[in-house]
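Worksheet: the structure to be examined is printed underneath.
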Amino acid sequence: MNQTATTPKVITVHGRKVVGGRAEGEALVTRQTISGWGGINEREGSVIELHHELNGISFAGKILVFPGAKGSSGWSAYFHMCRLNGTAPAAMIFTRMTTKIALGAVVTRVPAITDLDGDVFALIETGDYVSVDADAGTVTITKGGR
Amino acid sequence: MRLTDQERSLRDGAHGEARARAMDLLIRYGEALGAERLVESRNVAGAFNASTPSVRHMADDGFDRVFSELNLDADDVVDIPHMAVPTCQLITGIDNDNYELQGVDPGLAELQKQSEKYLGRRGINMMCTCTPYQVGNVPVKGEHCAWMESSAVIYCNSVLGARTNVEGKESTGAAGLTGRIPYWGLHIPENRLANRLIRVEADVDDMADWGVLGYFTGFEVEENIPAFDGLTHQPDLMKLKHFGAAAASSGGVEMYHIPGITPEAPTLDAAFGANARPDPIVYGRAERDRTWERLQNATDRKLDFVMLGCPHNSIEQMSLVAELLDGKRIHPDTALWVHTPRAIRQMADRSGYTEVIEAAGGVVMSDTCPSISRRLPQGVRVIATDSVKQAHYLPAIAKVQGWFGSVQQCVDSAIAGEWLGKVA
Numbered sequence: 046m047n048q049t050a051t052t053p054k055v056i057t058v059h060g061r062k063v064v065g066g067r068a069e070g071e072a073l074v075t076r077q078t079i080s081g082w083g084g085i086n087e088r089e090g091s092v093i094e095l096h097h098e099l100n101g102i103s104f105a106g107k108i109l110v111f112p113g114a115k116g117s118s119g120w121s122a123y124f125h126m127c128r129l130n131g132t133a134p135a136a137m138i139f140t141r142m143t144t145k146i147a148l149g150a151v152v153t154r155v156p157a158i159t160d161l162d163g164d165v166f167a168l169i170e171t172g173d174y175v176s177v178d179a180d181a182g183t184v185t186i187t188k189g190g191r
Numbered sequence: 002m003r004l005t006d007q008e009r010s011l012r013d014g015a016h017g018e019a020r021a022r023a024m025d026l027l028i029r030y031g032e033a034l035g036a037e038r039l040v041e042s043r044n045v046a047g048a049f050n051a052s053t054p055s056v057r058h059m060a061d062d063g064f065d066r067v068f069s070e071l072n073l074d075a076d077d078v079v080d081i082p083h084m085a086v087p088t089c090q091l092i093t094g095i096d097n098d099n100y101e102l103q104g105v106d107p108g109l110a111e112l113q114k115q116s117e118k119y120l121g122r123r124g125i126n127m128m129c130t131c132t133p134y135q136v137g138n139v140p141v142k143g144e145h146c147a148w149m150e151s152s153a154v155i156y157c158n159s160v161l162g163a164r165t166n167v168e169g170k171e172s173t174g175a176a177g178l179t180g181r182i183p184y185w186g187l188h189i190p191e192n193r194l195a196n197r198l199i200r201v202e203a204d205v206d207d208m209a210d211w212g213v214l215g216y217f218t219g220f221e222v223e224e225n226i227p228a229f230d231g232l233t234h235q236p237d238l239m240k241l242k243h244f245g246a247a248a249a250s251s252g253g254v255e256m257y258h259i260p261g262i263t264p265e266a267p268t269l270d271a272a273f274g275a276n277a278r279p280d281p282i283v284y285g286r287a288e289r290d291r292t293w294e295r296l297q298n299a300t301d302r303k304l305d306f307v308m309l310g311c312p313h314n315s316i317e318q319m320s321l322v323a324e325l326l327d328g329k330r331i332h333p334d335t336a337l338w339v340h341t342p343r344a345i346r347q348m349a350d351r352s353g354y355t356e357v358i359e360a361a362g363g364v365v366m367s368d369t370c371p372s373i374s375r376r377l378p379q380g381v382r383v384i385a386t387d388s389v390k391q392a393h394y395l396p397a398i399a400k401v402q403g404w405f406g407s408v409q410q411c412v413d414s415a416i417a418g419e420w421l422g423k424v425a
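Heads up: the protein sequence lines correspond to chains A and B, in order. The first sequence begins at 46 in this note's numbering and counts up by one. The second sequence begins at 2 in this note's numbering and counts up by one.
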């Protein structure tokens, strides 16, 4: 109870636009990088990597908060197919820039932000309600959901 | 992003709609990266073929539609002209000759063949392998490339000293049509220096050893650039091919340095250049054993399928597999598929290796692999492979149990019909 009282309910952090646009929704947070090809099921929009902490969990429609991409160069193609299948995340917030995540975010065509001025892994938990305004470079976090 | 006059005229449509869409994508992509400019490239390796069930409905509207959507991220369908620079097709989904064994519907196999004709007319070379550097696309040191395929990218940068980031389907389509790619990441010399140090205290000699070290490396350094100290055995193409593929599977490694072996690291000091040398990450016997165990995603020893040749086998590896199978018979309940580029398959045929492998009950596959095609022999529950990369991906993709071991362990196990390899 004390913790709830001392934690601000709404937090805003700033970053750099990768792909413009606005989106909001429930956060899905992982500190582990994600593989595209071989790491996700593009029909369900879920992580399938065996040892991944999100294994079996769907990111469709979520604000995906993660360090970035790893693995095969099929990364962009698989997230591109998620967009075509309607299973893409609503927005991407990531911390490590690579060609895979940059191209992937561009072709997924969802708002994407990086270079944030706060530790998003400390500030955002799965289930928090998050608004992303990539053009303005802002991420607004409502703790504990809406 | 800063554009040249030529790039602006490409963007503005002076060279046709397709090249304008390509330049639009490269600009969106370059700006997402934070790149200052583009760089010219005359060596593109990408994935263009229409060979999966998911693109079939798109291909019904014509191959221009497939290329426009999947290789250019365009909003509309544009006529695709001849590529502006040399471009090749990497691994694809279907073996044009063995599609029935793969369980591919003949209609889909025919679609791939039609797609290849379409792409060939536009100057895309049908190498159809994850290892273009084994079949004639060997960039020279310093050459700017736009390659997909993480195992080929790490080989291109580290072993050949050419320069490429890990590109994707859309950026390679755009690069083929414009001869441009964002000047970012590994195109820039100072970004190619090592920033992690791995001290090898375990013996690393055979192909499996190199694969396991690569797998360990990817987990430890993620997307950083490691330099290695303490490797004592001279590697060859085959070993570095497996090593890089493994490091690119467990992490995002796109470049490494082995002093005295790889071209940008005559010495350990040169590998780090102006970068500070960090504390070493030690790879000893315990780390080796732990990584080996991590590759075993199986409990049942009865073996349904053995997969060899990921990345695609060299002719020396085909020779070795034939030697190990000569006069032997693979267990009737176990399938063995060996994968090699089609150009190398022709050499294997002429050398009699294919005949020996087939006489033992094995199959020589080209153009594809089970992870890319998502196709295995029917009813497979337990697989074994000599490839760290395949051991990493195939259990997740195909929902099977997977063993990893040396090529000898894999072949012996295929003959016995059960996994004979050790767990550690």
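Cβ atoms here follow ideal geometry from the backbone N, Cα and C, with glycine treated the same way. These numbers come from a predicted model, not from an experiment.
Inset, instruction - Verify the CB distance criterion: does residue 115 (chain A) have a CB-CB separation below 9 Å to chain B? - result: Start at 1 with the first residue of the first sequence, and residue 115 (chain A) comes out as number 70. At least one chain B Cβ lies under 9 Å of residue 115 (chain A).
Inset, instruction - For residue 433 (chain B), count neighbouring C-beta atoms within 10 Å of its own C-beta (all shown protein chains included) and say buried if the count is 16 or more, exposed if not. - result: Residue coverage of chain B in this structure runs from 2 to 425, which leaves residue 433 (chain B) outside it and unanswerable.
Inset, instruction - Output yes or no for whether 9 Å exceeds the beta carbon distance between residue 422 (chain B) and residue 385 (chain B). - result: Numbered from 1 along the second sequence, position 421 holds the residue referred to as residue 422 (chain B). Numbered from 1 along the second sequence, position 384 holds the residue referred to as residue 385 (chain B). Yes. Within cutoff.
Legend entry - Contact set for residue 326 (chain B): own chain, Cβ-Cβ below 7 Å, skip 5 residues either direction: Counting from 1 along the second sequence, the entry for residue 326 (chain B) is found at position 325. These residues qualify, in order along the chain: 357, 358, 361, 363, 412.
Inset, instruction - Only counting runs of 3 or more residues, tell me where the beta strand (DSSP E) segments fall wholly within the segment 226 to 267 of chain B, in order along the chain. - result: 227 to 230
Inset, instruction - Tell me whether residue 186 (chain A) sits in a helix, a strand or coil according to DSSP, three-state version. - result: Reading the first sequence from its first residue, position 141 is the one you call residue 186 (chain A). Strand, per DSSP.
Inset, instruction - Below 9 Å between beta carbons is the criterion; list the residues of the segment 245 to 256 of chain B that meet it against any residue of chain A, in chain order. - result: 249, 250, 251, 252, 253, 255
Legend entry - Interface partners of residue 396 (chain B) on chain A, CB under 7 Å: Start at 1 with the first residue of the second sequence, and residue 396 (chain B) comes out as number 395. In chain order: 95.
Legend entry - Cβ shell of residue 16 (chain B) (< 8 Å), same chain only, five flanking positions each side left out: Taking the first residue of the second sequence as 1, we reach residue 16 (chain B) at position 15. Around residue 16 (chain B), the same chain offers 10 as residues with beta carbons nearer than 8 Å, after the five sequence neighbours per side are excluded.
Inset, instruction - Give the single residue among A:148, A:138, A:172 whose Cα lies nearest to the Cα of residue 167 (chain B). - result: For this step, residue 167 (chain B) is matched to residue 166 along the second sequence. For residue 167 (chain B), the nearest C-alpha among the options comes from A:148.
Inset, instruction - Return no unless some Cβ of chain A is closer than 9 Å to the Cβ of residue 183 (chain B). - result: By one-based count along the second sequence, residue 183 (chain B) stands at place 182. Yes, residue 183 (chain B) lies at the interface with chain A (some Cβ there is under 9 Å from its Cβ).
Inset, instruction - Please determine, among B:30, B:316, B:381, the residue with the shortest C-alpha to C-alpha distance to residue 355 (chain B). - result: Numbered from its first residue, the second sequence carries residue 355 (chain B) at position 354. Checked all of B:30, B:316, B:381; the closest Cα to residue 355 (chain B) is B:316.
Inset, instruction - Following the continuous alpha helix (DSSP H) through residue 291 (chain B), name the residue where it begins and the one where it ends. - result: Here residue 291 (chain B) refers to the residue found at position 290 of the second sequence. Looking at the DSSP string, the run of the alpha helix (DSSP H) that includes residue 291 (chain B) is 286 to 295.
Legend entry - chain B contact residues for residue 83 (chain A), given Cβ-Cβ distances below 9 Å: If you number the first sequence from 1, residue 83 (chain A) lands on position 38. 250, 372, 393, 394, 395, 397, 398, listed in chain order.
Inset, instruction - Classify residue 136 (chain B) as helix, strand or coil using the three-state DSSP reduction. - result: To locate residue 136 (chain B), count along the second sequence from 1; it is residue 135. DSSP places residue 136 (chain B) in coil when its eight states are reduced to three.
Inset, instruction - Give the range of the alpha helix (DSSP H) segment to which residue 110 (chain B) is assigned. - result: Indexing the second sequence from 1 puts residue 110 (chain B) at position 109. Here the alpha helix (DSSP H) through residue 110 (chain B) covers 107 to 122.
Legend entry - Nearest neighbour of residue 58 (chain B), chosen from A:190, A:116, A:105, A:130 [CA to CA]: Taking the second sequence and counting its residues from 1, one reaches residue 58 (chain B) at position 57. For residue 58 (chain B), the nearest C-alpha among the options comes from A:130.
Inset, instruction - Could you say which of B:21, B:244, B:280 lies nearest to residue 388 (chain B) if we only look at CA atoms? - result: In the second sequence, counting from the first residue as 1, residue 388 (chain B) sits at position 387. Of the candidates B:21, B:244, B:280, the one whose C-alpha sits nearest the C-alpha of residue 388 (chain B) is B:244.
Inset, instruction - Report yes if the CB atom of residue 122 (chain A) is closer than 9 Å to the CB atom of residue 71 (chain B), and no otherwise. - result: Counting from one through the first sequence, the residue named residue 122 (chain A) turns up at place 77. Counting from one through the second sequence, the residue named residue 71 (chain B) turns up at place 70. Yes, the pair counts as a contact, with Cβ atoms nearer than the cut-off.
Inset, instruction - Report yes or no: do the segment 362 to 381 of chain B and the segment 176 to 184 of chain B share at least 3 C-beta pairs separated by less than 8 Å? - result: no
Legend entry - Interface partners of residue 151 (chain B) on chain A, CB under 8 Å: What you label residue 151 (chain B) is simply residue 150 of the second sequence in a count that begins at 1. Within 8 Å Cβ-Cβ: 116, 117, 118.
Inset, instruction - Check whether the Cβ atoms of residue 236 (chain B) and residue 262 (chain B) sit closer than 9 Å, and answer yes or no. - result: Locating residue 236 (chain B) in the second sequence gives position 235, counting from the first residue. Locating residue 262 (chain B) in the second sequence gives position 261, counting from the first residue. Yes. Within cutoff.
Inset, instruction - Using a threshold of 9 Å, state whether the C-beta atoms of residue 77 (chain A) and residue 111 (chain A) are closer than that. - result: Here residue 77 (chain A) is taken as the residue at index 32 of the first sequence, counted from 1. Here residue 111 (chain A) is taken as the residue at index 66 of the first sequence, counted from 1. In contact: residue 77 (chain A) and residue 111 (chain A) (Cβ atoms closer than 9 Å).
Inset, instruction - Please name the residues in the segment 135 to 148 of chain A whose beta-carbon is closer than 8 Å to at least one beta-carbon of chain B, in chain order. - result: Within the segment 135 to 148 of chain A, the qualifying residues are 141, 142, 143, 144, 145, 147, 148.
Legend entry - Environment of residue 219 (chain B) [buried if 16+ CB atoms lie within 10 Å]: As a position in the second sequence, residue 219 (chain B) is number 218, starting the count at 1. Buried, because 16 or more other Cβ atoms sit within 10 Å of the Cβ of residue 219 (chain B).
Inset, instruction - Could you spell out where the beta strand (DSSP E) holding residue 404 (chain B) opens and where it closes? - result: Walking along the second sequence from the start, residue 404 (chain B) turns up at place 403. Residues 402 to 405.
Legend entry - Top-ranked residue by Cα proximity to residue 304 (chain B), from B:334, B:284, B:278: Residue 304 (chain B) sits at position 303 when you count from the first residue of the second sequence. That would be B:334, whose Cα lies nearest to the Cα of residue 304 (chain B).
Inset, instruction - Could you please give the first and the last residue of the uninterrupted beta strand (DSSP E) stretch that includes residue 57 (chain A)? - result: Translated into positions along the first sequence, residue 57 (chain A) becomes position 12. Its beta strand (DSSP E) spans residues 55 to 59.
Inset, instruction - Would you list, in chain order, the members of the segment 60 to 87 of chain B that have their beta-carbon closer than 9 Å to a beta-carbon of chain A? - result: 70, 71, 74
Inset, instruction - Taking the CB atoms as reference points, tell me whether residue 75 (chain B) and residue 67 (chain B) lie closer together than 9 Å. - result: On the second sequence, position 74 is the one that residue 75 (chain B) refers to. On the second sequence, position 66 is the one that residue 67 (chain B) refers to. Not closer than 9 Å, so no.
Legend entry - Three-state secondary structure (DSSP) of residue 79 (chain A): Position 34 of the first sequence, counted from the start, is the residue given in the question as residue 79 (chain A). DSSP places residue 79 (chain A) in strand when its eight states are reduced to three.
Legend entry - Beta-carbon spacing of residue 332 (chain B), residue 310 (chain B) below 9 Å: Mapped onto the second sequence, residue 332 (chain B) falls at position 331. Mapped onto the second sequence, residue 310 (chain B) falls at position 309. No; because the gap between Cβ atoms is not below 9 Å, this pair is not in contact.
Legend entry - Contacting residues, own chain, Cβ-Cβ under 7 Å from residue 46 (chain A) (five flanking each side not counted): The residue given as residue 46 (chain A) occupies position 1 in the first sequence. Any reading at residue 46 (chain A) needs caution, since the residue's pLDDT is 47, under 50, leaving its predicted position unreliable; the model's value is listed next. None.
Legend entry - Selection of the segment 295 to 314 of chain B by Cβ proximity to chain A, strictly under 7 Å: Within the segment 295 to 314 of chain B, the qualifying residues are 298.
Inset, instruction - Excluding the 5 residues preceding and the 5 following residue 240 (chain B) in the sequence, name in chain order all residues of the same chain whose CB lies nearer than 7 Å to its CB. - result: The sequence position of residue 240 (chain B) within the second sequence is 239, counting from 1. Closer than 7 Å at the Cβ level, and outside the excluded window around residue 240 (chain B), lie 208, 211.
Inset, instruction - Take residue 253 (chain B) and list the residues in its own chain whose beta-carbon comes closer than 7 Å to its own, dropping the five residues that flank it on each side. - result: Sequence index remark: in the second sequence, residue 253 (chain B) carries index 252 (1-based). Once the five neighbours on either side are set aside, the close Cβ partners of residue 253 (chain B) are 223, 224.
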